[in-house]
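So the sequence shown is numbered by my numbering: it starts at 1 and just counts up by one. Note that the Cβ used here is the ideal one computed from N, Cα and C, for glycine as well. None of these values were measured; they are calculated from a predicted model. Each remark here refers to the structure printed beneath this line.
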Amino acid sequence: MAADQTGNVVPPSLSAKEVGSFAYLTVRDRLPTILTKVVDTIHRNKNKFFEEYGEEGIQAEKQTISLLSKLRNELQTDKPILALNDGLADADSWNQYLLRQQGFQGDQEAVSWFKSPWLFVECYMYRKIQEALWLNPPISDYDVFSESKTQSFFESQQAMMTLCTYLEGINKNLGDISEHHLQELFNKLLQVSLWGNKCDLSISAGKENSQKSSPIDSLVSLQPFILVDHSAAVWSTLISARRQRQLGKAGSNRVDVVLDNAGFELVTDLVLADFLVSSGLAREVRFFGKSFPWFVSDVTANDFHWTIRQITAANHKWMSQVGVRWQSYMKEGVWSYHDHPFWTQPHEFCDMATDAPDLYATLQEANLVLFKGDLNYRKLAGDRDWDHTVCFEAALRGFEPSPLCSLRSLKANIQVGLQPGQGSKLGFQDPDWMTSGKYAVIQFYSPNSEQ
Ligand code: MG
């Protein structure tokens with residue numbers, strides 16, 4: 001066990017070498033598969049680059065593919081991880097982090113693909129894809145994952161229509177419902193956003209798509225798969241902020257949402273945010289996304305604005321009505337989209353106060369910060385080999401800008417805050433429980449009170 005900056009004893013980061021066959025296979029097989037798909041996508045778009053940029057576009061396509069093929073070879077043969085040299089604004093920060101890894105591992109062992117923390121190498125690969133494109137104008141801004149994100153959006157149209165129709169039904173009657181009923185609606189839309197994180201995978205796979213059924217009707221049958229449910233504490237945080245405001249007390253009443261995936265999940269997040277504003281549980285919602293294409297389906301500024309435009313342009317009465325309102329929220333500043341280099345770096349969130357103090361200060365202004373998805377969870381808890389019964393607060397290791405909640409379906413080998421015996425029982429019943437996306441958590445922590 002190692003100690004962190006605060007002197008607390010923490011388990012080691014999960015690495016390809018240490019966690020056994022799952023991560024080993026993941027590093028060896030999943031990352032090269034993604035790189036191969038990226039190369040295919042760029043190659044398939046050769047004619048498009050030619051039409052847009054002529055011969056220069058073709059040259060850029062060839063050189064980008066050459067860099068990515070070299071990267072894939074380095075990964076597969078466990079070569080040392082090299083410092084970034086592309087002159088982008090975040091390169092120094094990345095290189096400092098790499099030096100930190102070398103410090104942890106000692107001089108004798110090179111920081112290579114299989115011998116490094118899994119979180120670091122996975123993030124590094126996406127940053128290197130960005131480097132390969134950036135070094136090859138005029139295709140520097142090309143989003144290699146755009147096709148799959150767009151496909152995911154269009155494949156879940158029916159579920160989005162159902163959700164928008166449900167939302168408009170709620171909004172019509174919000175004026176005179178009890179606080180108890182409001183809480184029930186909140187719980188439903190929180191869970192829709194939670195399971196939106198699971199549904200992304202099934203939608204992308206394009207078969208046995210659970211979104212053919214109503215995302216609202218599925219909630220009851222999914223309830224037993226929520227392993228930790230702190231939704232009552234999340235509700236209590238929001239309703240007390242609303243009460244304070246109704247009493248004329250000052251307060252920002254802001255909810256921040258640190259997004260995960262584009263497609264159906266993003267729409268579920270926007271629907272939840274719409275409900276928070278229309279019910280008065282929040283006056284302002286800030287969305288945080290990625291500044292370049294990341295982990296295949298993560299939301300970038302383009303994805304965010306494109307999605308709202310698509311919803312507005314939909315040939316469906318309630319969907320387009322919802323989209324028009326979202327456009328006006330954006331225009332009036334009730335909603336806003338932000339990115340920050342920290343979200344596309346490998347740092348654990350306990351480093352944020354030191355390494356990105358401006359972002360930490362921004363999150364401190366929120367009444368509640370929602371962290372969507374698996375990667376955010378890995379960064380919250382540091383992607384470490386925690387015992388499942390370690391409490392969420394301990395795994396956060398001092399990251400407490402505001403009350404926060406993770407909405408995550410489990411897709412990686414990390415989970416804290418379970419009851420004694422809960423993890424081993426799940427492991428016995430369902431050996432893939434940590435990685436199948438079948439289970440989920442609504443896990444809350446507030447620096448202001450006991451859980
Ligand atoms: Mg993602």
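Report yes if the C-beta distance between residue i and residue j is below 8 angstroms; otherwise report no.
i, j, result
"L407", "S214", "no"
"A60", "F49", "yes"
"L135", "Y142", "no"
"V258", "D269", "no"
"K372", "N253", "no"
"W343", "K290", "yes"
"K46", "I58", "yes"
"S402", "L359", "no"
"S148", "V296", "yes"
"V267", "L189", "no"
"I226", "A440", "yes"
"I81", "W118", "no"
"W235", "A273", "no"
"C405", "H230", "yes"
"M160", "M352", "no"
"E393", "Y329", "no"
"Q130", "F292", "yes"
"R397", "C350", "yes"
"A356", "H340", "yes"
"N376", "D260", "yes"
"S280", "R242", "This sequence places Gly at residue 280; Ser is not what is there. In contact: G280 and R242 (Cβ atoms closer than 8 angstroms)."
"Y166", "I239", "no"
"R127", "W94", "yes"
"V39", "L14", "no"
"V144", "T41", "yes"
"S278", "L185", "no"
"P346", "Y97", "yes"
Using three-state DSSP, classify residue i as helix, strand or coil.
i, result
"A89", "coil"
"K62", "helix"
"V299", "coil"
"K115", "coil"
"L84", "coil"
"L14", "coil"
"V322", "helix"
"R384", "strand"
"N73", "helix"
"N173", "coil"
"N261", "strand"
"R100", "helix"
"A273", "helix"
"H180", "helix"
"Y329", "helix"
"Q345", "coil"
"S152", "helix"
"S218", "coil"
"S193", "helix"
"V390", "coil"
"K317", "helix"
"M434", "coil"
"Q310", "helix"
"Q415", "coil"
"A110", "coil"
"F428", "helix"
"F186", "helix"
"L281", "coil"
"E208", "Because the pLDDT of E208 is 38, which lies under 50, any placement of that residue in the model is unreliable, and the question is left without a value."
"W294", "coil"
Tell me, which residues are paired with residue i by DSSP?
i, result
"R286", "D256, S336"
"A493", "Given that the chain is displayed from residue 1 to residue 451, the structure contains no residue 493 and the question cannot be resolved."
"R127", "Beta-bridge pairing links R127 to no other residue."
"L368", "V255"
"Y445", "L404"
"N45", "None; N45 has no bridge partner."
Am I right that residue i and residue j are in contact with their C-beta atoms under 8 angstroms? What's the rounded C-beta distance?
i, j, result
"F264", "I170", "So it is not a contact: roughly 19 angstroms between Cβ atoms."
"T389", "P420", "5 angstroms"
"F153", "T307", "7 angstroms"
"F437", "V228", "Looking at the sequence itself, residue 437 is Gly, so the reference to Phe does not match. Not a contact, Cβ separation roughly 16 angstroms."
"E348", "K379", "5 angstroms"
"V285", "V255", "5 angstroms"
Touch test, the stretch 85-98 against the stretch 57-64, Cβ-Cβ under 8 angstroms, three pairs minimum: They do not touch, by the three-pair rule.
Three CB pairs or more closer than 8 angstroms across the stretch 378-385 and the stretch 407-416: The way I'd put it, the stretch 378-385 does touch the stretch 407-416; three or more beta-carbon pairs between them come closer than 8 angstroms.
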